[in-house]
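Data first, discussion second: the structure below is written as structure tokens.
Protein chains: 2
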Amino acid sequence: MNMENIEFVLPSEIEKRSFEIITKELEDMGKIIPDEEAPVTKRVIHTSADFEYADTLAYSENAIKIARDMIKNGAHIVTDTNMAMAGINKKRLATYGGEVHCFMADESVAKEAKERGVTRATVSMERAAELNVPIIFAIGNAPTALISLYEMMEKGIYRPEFVIGVPVGFVNVVAAKELFLQSDVPYIINRGRKGGSNIAAAIVNALVYGL
Amino acid sequence: MNMENIEFVLPSEIEKRSFEIITKELEDMGKIIPDEEAPVTKRVIHTSADFEYADTLAYSENAIKIARDMIKNGAHIVTDTNMAMAGINKKRLATYGGEVHCFMADESVAKEAKERGVTRATVSMERAAELNVPIIFAIGNAPTALISLYEMMEKGIYRPEFVIGVPVGFVNVVAAKELFLQSDVPYIINRGRKGGSNIAAAIVNALVYGL
């Protein structure tokens, strides 16, 4: 094994080629993805090399159009991880007026979470609810972020306009996603345990790139 | 489906509980992971909810000990993605004297890459080689970063001391990983297409947390 196995591909062509491979393999597997959702699902596969997402990503009715309209009108993104914030194309988002927020590293959030015996994600969502701007939530890590949003909704305190629900993990992740799959909040959610900050960022970027 | 399905777990217990579930499921699947490697492999599964990593993560001889000794002695981390840089516990790393570098967003890197018709990752690795400190490379995105390191090694310009090789994707990813699997550079590499910035960060953090 040496450099002979490395194929020369122009830097500008790598992403295009990757999407062609993904498209072909999805076809070979017989997986049909609606045209509107394909750019999002394919970008998630591009970022994970995991074709399982073709089966588990769930979109509420008109989710793509609703989210893109929000972004076009300047919606902000709130995420529960600094990694997702780092991965989101903030420059492109800013051309529509949007900003990305993550409150997880705020010292006051950590302090309040400790005092109340809740996660920082729980407090972060409460902070987001006070922002008073249209928000797309992009949850890539903490199921407690989804639970916090759901509880505020149940109590009539706050209602999220759009939820990208892709926390990853083993404790309450599946159940937290189900809360929103059963709600009437527009969503893009990955059923099951998988997800992550990279997936959250990929979904936001796919929405923005399609504008 | 409602809040009844949400289990109450103390925030401080969530990670511990997650690792218990991962350990049990690995046992149930009959997957044996050497004790030394288990904290790294399990943290990768924790960050991805993808048990396939138990089969595909490859460690060179004594990889964990070599990497941890380097960190203890103040090695720096160079990564090819800002997301991985955001995800690495820089505070803990700094207690040993280490810093994290990512040159991908440098304008001069972008400029040089464009002029030469190579990727920013290629140029970023060349910049890293000039740092003149012991480095653990944590490559979570670009196979061209691995190829760049390999080419410098072949030319006798630079030899990486340790490579975490977990780029993700469809173009040259498998072949770029093979270059290092066949070399005598100490490594932690995920065979195949999977990986990512979240995986790179998880591996670095597992190394640091074990010190």
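Order-wise, the sequence lines are chains A and B. If you read the first sequence in numbering that gives the first Met the number 0, its first letter stands for residue 0, the second for the next number, and so on. If you read the second sequence in numbering that gives the first Met the number 0, its first letter stands for residue 0, the second for the next number, and so on. Using N, Cα and C, we set each Cβ at its ideal position, and we do this for glycine too.
Can you find at least 3 beta carbon pairs, one from the stretch 21-38 of chain B and one from the stretch 145-165 of chain A, that sit closer than 8 Å?
-> no
Considering only the beta carbon of each residue, do I20 of chain B and A53 of chain B sit closer than 8 Å?
-> One-based indexing of the second sequence puts residue 20 of chain B at position 21. One-based indexing of the second sequence puts residue 53 of chain B at position 54. It is not a contact, given that the beta carbons lie outside the stated cut-off.
Cβ neighbours of N81 of chain B in the same chain (closer than 7 Å, five flanking residues each side left out) = Counted from its first residue, the second sequence places residue 81 of chain B at position 82. Only C101, M103, A104 meet the Cβ criterion.
With distances taken between CB atoms, is the gap from G139 of chain B to T46 of chain B smaller than 8 Å?
-> Here residue 139 of chain B is taken as the residue at index 140 of the second sequence, counted from 1. Here residue 46 of chain B is taken as the residue at index 47 of the second sequence, counted from 1. In this structure, T46 of chain B does not lie closer than 8 Å to G139 of chain B by Cβ.
Opening and closing residue of the beta strand (DSSP E) in which L56 of chain A lies | Taking the first sequence and counting its residues from 1, the one referred to as residue 56 of chain A is at position 57. That run of the beta strand (DSSP E) goes 56-58.
In this structure, does DSSP put Y208 of chain A in helix, strand or coil?
-> Here residue 208 of chain A is taken as the residue at index 209 of the first sequence, counted from 1. Helix at Y208 of chain A.
Buried or exposed (CB count within 10 angstroms, at least 16 for buried), E6 of chain A | Residue numbering aside, residue 6 of chain A sits at position 7 when the first sequence is read from its first letter. Label assigned to E6 of chain A: exposed.
If you draw a straight line from the alpha carbon of P185 of chain A to that of K71 of chain A, how long is it in whole angstroms?
-> For the purposes of this step, residue 185 of chain A is taken as the residue at position 186 of the first sequence. For the purposes of this step, residue 71 of chain A is taken as the residue at position 72 of the first sequence. Between P185 of chain A and K71 of chain A, the C-alpha separation is close to 16 Å.
Residue from B:K15, B:E14, B:Y58, B:S11 whose Cα sits closest to the Cα of D34 of chain B | If you number the second sequence from 1, residue 34 of chain B lands on position 35. Nearest of B:K15, B:E14, B:Y58, B:S11 to D34 of chain B, Cα basis: B:Y58.
Would you kindly check if the distance between the Cβ of I63 of chain B and the Cβ of E36 of chain B is under 8 Å?
-> On the second sequence, position 37 is the one that residue 36 of chain B refers to. On the second sequence, position 64 is the one that residue 63 of chain B refers to. Contact flag set, yes.
Cβ of K110 of chain A within 8 Å of any chain B Cβ | Mapped onto the first sequence, residue 110 of chain A falls at position 111. False, the Cβ-Cβ gap to chain B never drops below 8 Å.
Closest residue to K30 of chain A among A:R42, A:Y149, A:P38, A:F50 (Cα-Cα distance) = Within the first sequence, numbered from 1, the residue matching residue 30 of chain A stands at position 31. The candidate whose alpha carbon is nearest that of K30 of chain A is A:F50.
Determine, using beta-carbon pairs with one atom in the stretch 9-17 of chain A and one in the stretch 150-163 of chain B, whether at least three such pairs fall under 8 Å.
-> no
Using a cut-off of 7 Å between C-beta atoms, extract the partners of H100 of chain B located in chain A.
-> Numbered from 1 along the second sequence, position 101 holds the residue referred to as residue 100 of chain B. Chain A residues near H100 of chain B: none, gap ~14 Å exceeds 7 Å.
Return the chain-ordered list of same chain residues with a C-beta closer than 6 Å to the C-beta of V165 of chain B, the five sequence neighbours on each side being excluded.
-> Position 166 of the second sequence, counted from the first residue, corresponds to residue 165 of chain B. So the qualifying residues of the chain are G139, N189, G194, I198, A199.
Within 8 Å of chain A by C-beta, residues of the stretch 18-41 of chain B in sequence order | I20, I21
When B:E60, B:R67, B:A127 are compared against L210 of chain B, the one with the closest alpha-carbon | Working through the second sequence from its first residue, we reach residue 210 of chain B at position 211. Residue B:R67 is the option with its Cα nearest to L210 of chain B.
For K176 of chain A, collect the residues of the same chain with a Cβ closer than 6 Å to its Cβ; drop the 5 residues on either side in sequence, then sort them by chain order.
-> For the purposes of this step, residue 176 of chain A is taken as the residue at position 177 of the first sequence. Cβ within range, chain order: G164, I188.
Of all the residues that make up the stretch 134-164 of chain B, which are near chain A by a beta-carbon distance shorter than 7 Å?
-> I146
May I ask which residues mark the beginning and end of the beta strand (DSSP E) holding I187 of chain B?
-> By 1-based counting over the second sequence, the position of residue 187 of chain B is 188. Here the beta strand (DSSP E) through I187 of chain B covers 186-189.
Residue from B:S107, B:A74, B:A109, B:E114 whose Cα sits closest to the Cα of L92 of chain B = Here residue 92 of chain B corresponds to residue number 93 of the second sequence, with the count starting at 1. L92 of chain B has its Cα closest to that of B:A74, out of B:S107, B:A74, B:A109, B:E114.
Unbroken stretches of the beta strand (DSSP E), 3 residues or longer, contained in the stretch 0-28 of chain A | none
Within-8 Å CB hit, E6 of chain A to chain B = Within the first sequence, the letter at position 7 stands for residue 6 of chain A. Closer than 8 Å to some Cβ of chain B, the Cβ of E6 of chain A qualifies, so yes.
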